[in-house]
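There are 2 protein chains.
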Amino acid sequence: MFLTDSNIPEPEIRQRIERFQNDLTRKALSGALILQKPDLYYFSGTIQDAHLYIPAQGNPVLMVRKSLERAASESPLERIVPMDSPGQLPDILKKNGHPVPRNMGLELDVLPASRYLKFQKIFPETALTDVSHLIRRVRAVKSDYEIGIIREAARLADQVFERVPELIAEGMTEVGLAGLIEAEARKRGHQGLVRMRLWGGELFYGHLMAGPSAAVPSFLASPTGGSGLSPAIAQSAGFRPIRKNEPILVDYVFVLNGYISDQTRIFALDGLSDSLMAAHEAMLDVQKTIMRTARPGTRAGELYGLAVERAAELGYGDNFMGTEGHRIRFVGHGVGLELDEYPFLARGQQMELEAGMVIALEPKVIFPGKGVVGIENTHLVTRDGLVSFSRFPDTVRVV
Amino acid sequence: MFLTDSNIPEPEIRQRIERFQNDLTRKALSGALILQKPDLYYFSGTIQDAHLYIPAQGNPVLMVRKSLERAASESPLERIVPMDSPGQLPDILKKNGHPVPRNMGLELDVLPASRYLKFQKIFPETALTDVSHLIRRVRAVKSDYEIGIIREAARLADQVFERVPELIAEGMTEVGLAGLIEAEARKRGHQGLVRMRLWGGELFYGHLMAGPSAAVPSFLASPTGGSGLSPAIAQSAGFRPIRKNEPILVDYVFVLNGYISDQTRIFALDGLSDSLMAAHEAMLDVQKTIMRTARPGTRAGELYGLAVERAAELGYGDNFMGTEGHRIRFVGHGVGLELDEYPFLARGQQMELEAGMVIALEPKVIFPGKGVVGIENTHLVTRDGLVSFSRFPDTVRVV
């Protein structure tokens with residue numbers, strides 16, 4: 001009844017859990033209770049309604065409310081048991097050989113307060129601490145299995161971007177074009193949902209806007225915002241008709257088997273002004289500068305500083321990643337099961353790059369009233385620097 | 001720069017806040033701090049990155065991190081001020097005439113634990129309590145303004161459903177068809193994102209599956225699940241080709257200006273077996289039975305009981321809303337800015353219907369190995385019973 005051909009393999013899950021167990025041991029924690037969907041998927045292979053207990057030593061226990069059969073068919077974990085309510089947690093853990101934890105980690109950055117307060121009651125003797133940073137550290141370094149999926153997501157994204165010139169026509173609305181591009185993504189297996197960790201972060205595929213719309217600021221931690229369809233969504237495509245000679249920004253994520261590839265390309269009907277073309281070229285230069293410098297061991301914040309410096313040298317200091325008062329202080333972010341993964345190539349970030357990290361690097365120039373140009377590619381951190389997953393040309397695609 | 005033609009009108013926001021202030025006063029709370037996007041939008045008219053303080057008496061204060069200008073152009077509130085970090089909250093409130101609250105309400109069902117713990121530090125003298133139930137009660141009863149938007153969303157959904165017969169072809173994949181239908185929705189202004197309140201609840205447009213796929217159970221509190229594209233998404237459309245003589249379930253939400261209309265129709269290439277057709281008719285009977293009985297004052301749980309009883313009388317007791325072990329104990333749910341609003345037409349629910357509530361009613365029969373038939377419409381609770389917003393025929397549409 002259930003599909004199993006894209007299940008996460010058992011050795012993959014085992015290695016992930018071992019890496020996390022090392023952290024738990026180092027932090028002297030008895031274990032951690034995982035509930036959030038991307039974390040749950042990462043460590044168990046299923047997003048069924050479940051609680052996953054990972055002890056510092058020994059076998060994890062996946063306690064499933066719904067659907068138990070589906071979780072059992074998707075997860076390679078050994079111990080998968082039913083659970084009706086969280087009140088049963090201490091008993092189930094005991095039956096599976098785990099004493100009541102002395103210190104237990106929780107995903108406090110995403111777990112709702114009411115659930116946290118309930119866990120306090122269920123585990124009155126247990127100190128509850130935040131392990132979201134530890135989890136995000138483990139998830140930041142991707143395995144070959146994960147890299148393979150992201151590479152395939154980028155390949156499918158390339159196919160979708162190749163279709164864009166055939167779909168654009170003067171006078172069609174941004175959201176009309178968005179729907180056509182999204183249909184191309186869907187038939188290739190895009191799962192639709194783009195998950196973000198930050199509470200209140202939300203995104204529908206990405207950003208697609210033309211001309212001045214793209215430069216409208218929003219709530220999102222992103223250089224672009226967009227007029228959107230209404231204040232209820234307040235970002236990305238709206239009903240504005242696409243015109244000639246304006247940059248059409250397509251910053252669209254492809255999500256395959258949960259994993260994200262993030263890329264931006266600029267399209268234009270009948271070309272762009274020389275100044276916009278030059279600004280786009282400058283962003284390709286910033287991209288190259290970072291790609292050449294980034295190595296395992298480089299601090300993420302250094303790369304941000306380098307990008308700002310290079311953009312200023314090229315004459316785009318005032319418009320790089322936003323204008324004064326609307327500037328975003330980053331130039332890239334990790335991607336994986338979530339769009340906002342470690343590391344953040346942001347001001348002051350001390351986290352060092354490691355081989356296997358996957359980073360969306362997105363130097364962009366924002367011209368209020370005119371539009372946005374620039375580039376985004378998803379890159380693998382290797383010993384020799386950043387390697388892009390994308391093949392679609394970085395230049396402005398004139399239609 | 002910002003669109004303002006779909007801003008929420010000032011009297012609308014004022015009335016919402018007054019209703020909530022009455023609740024705060026009745027519960028002897030000093031005020032409430034609102035952060036969650038749908039709640040923030042409901043009470044302020046903007047989803048910009050902001051904290052909204054609603055005192056039991058007096059003027060609310062909207063404290064905005066990003067973008068202040070956009071929030072000011074979208075929200076009709078009088079006091080809109082900048083805020084860099086939550087640590088400034090007590091000072092900003094004081095400057096706006098509000099003493100440090102003695103008791104403050106928070107959205108503890110959705111607020112992440114780490115933010116709750118931070119508020120405990122920022123307001124050490126304040127008792128923090130959960131007001132999510134109060135907020136959901138206020139939001140459950142819709143104004144004429146809200147009803148007008150939902151009516152329009154349902155009208156657009158009718159247009160999209162009218163296109164489905166032209167889009168379906170034998171052999172195309174579920175997800176391929178999904179993309180085409182989604183493109184039709186997008187060009188009509190569907191915002192894409194479907195918001196759910198329950199943590200871990202997630203949905204991409206809704207459920208589109210054909211034949212046995214539709215009957216595959218999932219983590220979601222829904223009678224249908226779906227094979228999905230992978231365990232990372234675990235619901236709705238997959239790569240299975242659509243075949244003749246199987247029920248094609250299109251349970252798709254339309255979201256206009258934040259507001260949801262939810263409807264399900266069954267399509268079939270070349271017709272369905274008599275037994276599936278009869279089961280579908282039985283669900284229309286269950287729908288009619290509930291529509292006739294529901295009135296302001298009827299308890300939500302009673303309607304669920306009535307649905308179960310009628311389904312059993314008609315011979316579908318074993319398959320109504322799922323089979324043994326996979327059965328969902330509801331037959332409908334409120335909709336508005338979120339898909340899972342009050343009231344829940346669920347087992348034991350004591351909440352009474354009120355005029356102005358908007359309910360998606362979805363009696364369905366699940367046949368494992370065969371598929372799903374049934375109906376869903378979004379209805380307004382009036383003094384004379386339920387009135388559906390949909391015009392698209394309820395019967396199986398044979399293509």
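So the protein lines, in turn, are chains L and G.
Here the first sequence is numbered in UniProt numbering, starting from 1 and rising by one per residue.
Here the second sequence is numbered in UniProt numbering, starting from 1 and rising by one per residue.
For glycine and all other residues, C-beta sits at the position ideal for the given N, C-alpha and C.
None of these values were measured; they are calculated from a predicted model.
| query | result |
| --- | --- |
| Could you check which residue in V398(G), F344(G), V399(G) and G228(G) has the C-alpha nearest to that of A300(G)? | F344(G) |
| Counting only the same chain and skipping the five closest in sequence on each side, list residues whose C-beta sits under 8 angstroms from that of Y116(L). | L106, L108 and L128 |
| Compare the C-beta of P393(L) against all C-beta atoms of chain G and say whether one is closer than 9 angstroms. | no |
| For L269(L), which of V399(L), G97(L) and E18(L) has the nearest alpha-carbon? | V399(L) |
| Let me check one thing: in DSSP terms, what residues is F344(L) bridge-paired to? | H333(L) |
| Just tell me which of E10(L), T382(L), G374(L) and F367(L) has its CA closest to the CA of I359(L). | T382(L) |
| May I ask you to list, following chain order, the residues of the segment 37–67 of chain G that have a beta carbon less than 7 angstroms from some beta carbon of chain L? | K37, Y41, G45, T46, I47, Q48, D49, K66 and S67 |
| So which residues on chain G does I233(L) lean against when the C-beta distance must stay under 9 angstroms? | I47, Q191, G192, L193, V255, N257 and G258 |
| According to DSSP, is R397(L) helix, strand or coil? | strand |
| For D91(L) and S114(L), what's the separation of their Cα atoms in angstroms? | 21 angstroms |
| Using the three-state DSSP reduction, which class does D49(G) fall into: helix, strand or coil? | strand |
| Establish whether the CB of H326(L) and some CB of chain G are separated by less than 9 angstroms. | yes |
| Quick one: which unbroken alpha helix (DSSP H) runs of 4-plus residues sit fully inside the segment 158–194 of chain L? Chain order, please. | 174–187 |
| Closer than 9 angstroms, CB to CB, is I8(G) near chain L or not? | yes |
| Within this structure, are the beta carbons of G226(L) and F219(L) separated by less than 9 angstroms? | no |
| If you draw a straight line from the alpha carbon of Q48(G) to that of L62(G), how long is it in whole angstroms? | 10 angstroms |
| How about A169(L): is its C-beta nearer than 9 angstroms to some C-beta of chain G? | no |
| What is the C-beta distance between E202(L) and M209(L), in whole angstroms, given that I count them as a contact (C-beta under 8 angstroms)? | Contact doesn't hold; Cβ gap of about 17 angstroms is too wide. |
| Please report the straight-line C-alpha distance between F204(G) and V250(G), rounded to a whole angstrom. | 12 angstroms |
| I'd like to know whether the C-beta of S230(L) is nearer than 9 angstroms to at least one C-beta of chain G. | yes |
| Is the separation between the beta-carbon of S261(L) and that of T378(L) shorter than 9 angstroms? | yes |
| Using the DSSP secondary-structure output, state which residues sit across from S388(L) in a beta bridge. | H379(L) |
| Determine, for M1(G), whether the minimum Cβ-Cβ distance to residues of chain L falls below 9 angstroms. | yes |
| Closer than 6 angstroms by C-beta to G211(G): which residues in its own chain qualify, once you throw out the five before and the five after it? Chain order, please. | E246 and G371 |
| Where are the alpha helix (DSSP H) runs, 4 residues long or more, that stay fully inside the segment 266–310 of chain G, in chain order? | 274–293 |
| If distances are taken between C-alpha atoms only, which option among G325(L), Y304(L) and D318(L) comes closest to E352(L)? | Y304(L) |
| Secondary structure at P60(L), three-state DSSP: helix, strand or coil? | coil |
| Pop quiz: I149(L) and N7(L) are said to be a contact at Cβ under 8 angstroms. What is the actual Cβ separation, rounded to whole angstroms? | In fact, because the Cβ distance is near 13 angstroms, the residues do not count as touching under 8 angstroms. |
| Answer yes or no: does any C-beta atom of chain L fall closer than 9 angstroms to that of F219(G)? | yes |
| Among E313(G), A346(G), L35(G) and E341(G), whose alpha-carbon lies nearest the alpha-carbon of T328(G)? | Residue 328(G) is actually Ile in this sequence, not Thr. Per the Cα distances, A346(G). |
| Buried or exposed: which applies to R102(L), given that a residue is buried once 16 or more other Cβ atoms fall within 10 Å of its Cβ? | exposed |
| When the cut-off is 9 angstroms and only beta carbons count, does D130(G) lie next to chain L? | yes |
| Quick one: list the residues of chain L neighbouring P112(G), beta-carbon separation under 8 angstroms, in chain order. | L108, D109, V110, L111, P112, A113 and W199 |
| Hey, how far is the Cα of V253(L) from the Cα of S273(G)? | 41 angstroms |
| Taking 9 angstroms as the cut-off, decide whether the C-beta atoms of E170(L) and K118(L) are in contact. | no |
| Across the segment 20–35 of chain G and the segment 131–140 of chain G, are there enough close Cβ pairs to call them in contact, namely three or more that are closer than 8 angstroms? | yes |
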